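Chains as they are written, first to last, in this note's numbering: chain A, 373 to 927; chain B, 261 to 1158.
Note that CB positions come from ideal geometry on N, CA and C, so glycine has one too.
The structure presented is a predicted model; accordingly, all values stated were derived computationally and were not measured.
Worksheet: one structure, shown below.
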């Protein structure tokens, strides 16, 4: 559980490193304005499908209604967007923050652009948070501020990430919670230290993994990734792990299992509430699976009754405890998610939303049937590779190289392998389903983290093995590559964004009109409001064309 | 279910947390945790019973977890137990461990699969175990209720309290199966520890443990709901902690032994006997000479008293002569065990004719039983008597075996009653294994034979076979199904009061039809609950002087009854064990009647069943279904042969009255009279002596309502109307609560035909039916009897049921009843037009247009002006996909001459 510390000590920020910090800050600012510039010049009606649906769902959440169609969980994203709308409204920046205000408006169509722009700004803020969290992860792993700065710089050039700052989609939070925050907490939870601190970190890791799953279904895979790290961390920890000896220590070890049990009771409590009100929404299969998961996670730490003496048994016992903590954190995200929804919604709506979300998470068979498996996984995977050819080809080479560098700690090597496996694995999983351009984030984020951590390690290695000229030459080459990567980010992002969905032409296509007016994904209240204001679809199209005839209304 | 899981999870943690402070070894911790958990549930049940809150889930959860937390806090003050002096040097042989481990794990997995799938359906669970717990929860306390089966009230209830969490949170009944499965596993742990504490080797202990767990009765009880296995396991725990106290003299062990003994003795009367013997033997023979921790036994004594006294106290308060009453009940009312004790210990198969049911009541111990007895005898009589606990336990087990056989005369005790004895005898077997090297292979062969027998039992037993689960996804239904009408009524009620005079009656299937239902057992009609009456079919209209002196019941049909009365719901079983079930809805006085519930139920009981026939008759009358809103009076008269009538009792509403009839009488006359006018609304009679005139056997004997009816059946609701030939109706479907539709049968062709076979004395037929449309908006229905149209109904509301009753006169021989879709709209009969005007037909044929079209065009262009006429015909409304009508009942009642 608490392996000996073979990670580097943290290095304080020194004066000589301020340029890197300043540069990363500059990249952050540049990224913000770059995204802002693209967004400003872009018509509000581009990418209307997810933008309008998530905007309408956020308005519904603020109106005490649950979203109508749940084809993916999206709970954290919609919840945060709803909070954003509330905050902006109370700051006087946004007149409409719920469906009542939307319906009260003389011309609801005129309110939509402002809402979509607010949503884009909200996503930009999340992108900034994502970059900073990734920097924190890089710092935790390497204990070097330079690695964190390099992470900021590299992610500032990630078109896959920046793309998500231009629209409102759940993938950003899925990867942010799963690949960044969950891994960060797992890393911290497997460091040597007091058991309570480690347990809380692992619980938090599981919680972020759960939030990743609540954001998008593939987020469940990050829990596997986190647990994989628990095994790797233990295997790379060395053989002189401390063994608790006294009865007191074993007694404490037993009671530590209460955290998972408490989380399990929380989930069972939520299921009880759901069974009282929303039995049909959740479904018997999902209820059975969630109950089994809760009981298994809650009872797993009871294995501490048999501390055993054999080291293999003790090793397995520690892994089972970590599994229980990660699982408990993930399970805890469900009742916590419900409570968060409850903070802005009445109970029936919050229960309805969480029930349908849990149904999708615990029994995704129906959704998987809709998204039929792609028989040509390799072909789709190659599209991913073609899109980010350098990253897909060079990152494994970098990891392989680092594996042979003796100075790189084995713990870090293991972590890099895990990141690589996670990136490739998730890309394969997404290829199995459907390739969509917005999913490149799932590969780019772990690969760029590998580069940030790996380049730093290579730099340290070259300092000791290469001559100064050779080192300078390499530094210039790296700076050149990174700079070009950074400087082309704006163009690559813009290209990716405009190519993703070509619906910026006028008159608006039927698909966009449907999402604005009468898509069955919207709540009945939204549809009623639109009908009451604009009558039928033809009348709405005329009103929309009249509105967009003025170029000032397009951006 | 979620609260149940949360409660169990919380209790698991709190019990284990406390147990870790009380014992050092994991096996002892497990046993202690199980005892603490069970003790917690018993204490919770007793406390909530005092507050009359037994059925409240939140109270149950809160009090139990609070008690668990307090226990944890209490034991947290105790010092840690030092490490167990038993060293790890003596471990079971690896091969032995793998062999027994594999067998036991396989049995546990099989048992788990069975427990997951089947609802508890052993006779005990169906007749008294689960119903008892449900009645307690329904009434909110542990007081006696009106039960004819005294096992529901007079037996120790600690095992019932263990079932409460599953029932109070409305968890699936399968959860109850895991009680015995857990007890089975803990029995293994307990036996192993008992043998080890008796200074026996690890190999011998493991063999004894394996033999106990593979004994067929142990495996059989592991997958059913019985008291012997959990109580026996608790007794083993008591012995384990008693031996721990003997070795270490720690107060905690004495307290745990007391807790275990209280739980065991408070669950099963036979184990109570064993517990008394064990305690006596322990304090006379096994107690250390100068014990230092005797104070612990004071606490243990309090615990034993606390766990045993409530049951005894309630019994003495409710029925001071309960011991005699219960003994008489067991002797007189309960059937003898299928496999008596001597047969259970006979190793060779002895199949009782004619059919051998394979369940936990019918399996013997095979070779295991004699082996254990042999080992005990060896331990008792061998010259070098072991001074250790194994010898003492052999004495205890052997003595207990003999005491049980003597006290219960052998034949009354079933083989399953001796399972706890087997657990106690296990150290003797381990000692035999350890001492007699030559017999080891024999013991291992017996163990393999036992494992084989257990596997066969699990695969092929009658009630819960594993084989269907392995062969397909289909699992046979565990509980017997009920007649549709019973299911329909019971599934919709939230409170049900059951009034039954049956003993050993399998009442549980009636209690699992709905969710969140509360059950009470009261002999008075409960106005706000659905009242279910259960009466022996033999007692229906039985004569007063019936040879068996049965209580007799009769239904008085009151056709003009203005409020709902008692409804005949069905008959289950075969004579003479068949039982009739009748129902009275909640708030019957404010509910309008339907065709089938315009009846009053009268039951009368012989107050002194053993009195001579010539003594004055003391009769208790029980009336149900007579509501004050009926403004009617039920008068009971004793009539003599000369026609004289003496009033015996009268009722204005449901109730009970006892009357004495001093003069001889020929029959009892029950008359329902209008209170205002005195007009007779209904009547029936019960003869003094049984009549030997056999009536015409009814077509369907399940629904009689009048003494003159010779058959009654419902083509929709009756389970088996095979005597009638029904054509044109689909099988019964439903109910469909989501569409507010009950059980129904579709007519998917224009006509459906019911043929009544020739019936002697058939004078009148009453037809009552309820029909509805679903797809069509409107339609018409013709009812034809023997080819003659009786009535035509027009149905304009497709959502409303049309309820009709017709009185028909049958013909000799077979009678045919027909429901036929009838024409609805008038329209011109164009073919008739062409037939009447051949010139027109010739013209239409010549121009080669469809006949009807040509006729219409001719009439509109020329025919009308020429003064030709057209006739109209009726045209049926088309039925999409052939969905013509749905029926929720078609009730046919045949009468003879009054």
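Using CA atoms only, rank isn't needed, just tell me which of the options is closest to residue i.
| i | options | result |
| --- | --- | --- |
| residue 914(B) | 920(B), 884(B), 925(B) | 884(B) |
| residue 946(B) | 1016(B), 892(B), 816(B), 721(B) | 816(B) |
| residue 894(B) | 941(B), 879(B), 497(B) | 941(B) |
| residue 925(B) | 904(B), 756(B), 934(B), 919(B) | 904(B) |
| residue 800(A) | 784(A), 764(A), 749(A) | 749(A) |
| residue 828(A) | 418(A), 850(A), 881(A) | 850(A) |
| residue 519(A) | 813(A), 821(A), 763(A) | 821(A) |
| residue 312(B) | 288(B), 387(B), 401(B), 279(B) | 401(B) |
| residue 405(A) | 496(A), 542(A), 631(A) | 496(A) |
| residue 1092(B) | 1081(B), 1072(B), 1114(B), 718(B) | 1114(B) |
| residue 279(B) | 674(A), 460(A), 925(A) | 674(A) |
| residue 977(B) | 856(B), 694(B), 1099(B) | 856(B) |
What residues of chain A sit near residue i, judged by a beta carbon separation below 7 Å?
| i | result |
| --- | --- |
| residue 266(B) | 637, 640, 641 |
| residue 273(B) | 630, 633 |
Sorted by chain position, which residues of the same chain lie with C-beta nearer than 6 Å to residue i's C-beta, five sequence neighbours on each side aside?
| i | result |
| --- | --- |
| residue 955(B) | Only weak support exists for where residue 955(B) lies, its pLDDT of 42 falling under 50; the value from the coordinates is given anyway. Counting only Cβ-Cβ distances below 6 Å, and skipping sequence neighbours, we find nothing. |
| residue 559(B) | 515 |
| residue 270(B) | 325 |
| residue 657(B) | 636, 681, 684, 685 |
| residue 523(A) | 506, 507, 510, 824 |
| residue 831(B) | 797, 838, 840, 962 |
With DSSP as the reference, please indicate the residues paired to residue i in a beta bridge.
| i | result |
| --- | --- |
| residue 793(B) | 759(B), 842(B) |
| residue 836(A) | None, per the DSSP bridge assignment. |
| residue 1075(B) | 1016(B) |
| residue 399(B) | Answer is none; residue 399(B) lacks a bridge partner. |
| residue 817(B) | 859(B) |
Mind pulling the chain B residues with CB within less than 9 Å of residue i?
| i | result |
| --- | --- |
| residue 666(A) | 262, 265, 266, 269 |
| residue 684(A) | Near residue 684(A) there are no residues of chain B at all, since even the closest Cβ is about 16 Å away, more than 9 Å. |
Between residue i and the rest of its own chain, which residues show a CB-CB distance below 7 Å, the 5 nearest in sequence each way excluded?
| i | result |
| --- | --- |
| residue 321(B) | 263, 267 |
| residue 421(B) | 301, 302, 305 |
| residue 878(B) | 867, 868, 918, 920 |
| residue 575(B) | 414, 582 |
| residue 948(B) | 803, 804, 805, 925, 926, 927 |
Could you name the residues of chain A that residue i contacts, counting a contact when the two beta carbons are closer than 9 Å?
| i | result |
| --- | --- |
| residue 286(B) | 677, 678, 679 |
| residue 318(B) | Those within 9 Å of residue 318(B) in chain A number zero; the least Cβ separation is about 11 Å. |
| residue 289(B) | 677 |
Name, please, each residue of chain B whose Cβ falls closer than 7 Å to the Cβ of residue i.
| i | result |
| --- | --- |
| residue 819(A) | Near residue 819(A) there are no residues of chain B at all, since even the closest Cβ is about 42 Å away, more than 7 Å. |
| residue 604(A) | By Cβ distance, chain B contributes nothing, its closest Cβ being about 30 Å from residue 604(A), past 7 Å. |
| residue 670(A) | 269 |
Closer than 8 Å by C-beta to residue i: which residues in its own chain qualify, once you throw out the five before and the five after it? Chain order, please.
| i | result |
| --- | --- |
| residue 916(B) | 783, 784, 880, 881, 882, 883 |
Can you pull the chain A residues whose beta carbon is under 8 Å from the beta carbon of residue i, in chain order?
| i | result |
| --- | --- |
| residue 582(B) | Those do not exist, as residue 582(B) stays about 40 Å from chain A at its closest Cβ, beyond 8 Å. |
Which residues in chain B sit within 8 Å of residue i, going by Cβ to Cβ distance?
| i | result |
| --- | --- |
| residue 596(A) | Residues of chain B passing the Cβ test: none, with the nearest at roughly 25 Å. |
Say yes only if the C-beta of residue i is nearer than 6 Å to one or more non-hydrogen atoms of the ligand MN, and no if none qualify.
| i | result |
| --- | --- |
| residue 782(B) | Summarising the ligand content, the structure contains no ligands, and the ligand MN is consequently not present. |
> Which whole runs of the alpha helix (DSSP H) in the segment 467-550 of chain A are 4 residues long or more, in chain order?
Replying inline: 471-476, 480-514, 517-527, 531-534, 543-547
>> In chain order, what are the residue ranges of uninterrupted beta strand (DSSP E) at least 3 long that sit wholly in the segment 1013-1073 of chain B?
In response: 1024-1032, 1039-1045, 1048-1055, 1062-1068
>> Just to confirm the assignment: which complete alpha helix (DSSP H) runs, minimum length 4, are found wholly within the segment 865-924 of chain A?
In response: 882-889, 896-906, 909-920
>> Threshold first: 4 residues or longer. Then list the alpha helix (DSSP H) segments lying entirely within the segment 386-450 of chain A, N to C.
In response: Uninterrupted alpha helix (DSSP H) stretches at least 4 residues long and entirely within the segment 386-450 of chain A occur at 390-413, 420-434, given in chain order.
> At which residue ranges does the segment 408-481 of chain B contain complete alpha helix (DSSP H) runs of 4 or more residues, listed in the order of the chain?
Replying inline: 411-414, 418-428, 434-457, 462-474
> Can you list, in chain order, the stretches of the beta strand (DSSP E) that have 3 or more residues and sit fully within the segment 502-559 of chain B?
Replying inline: none
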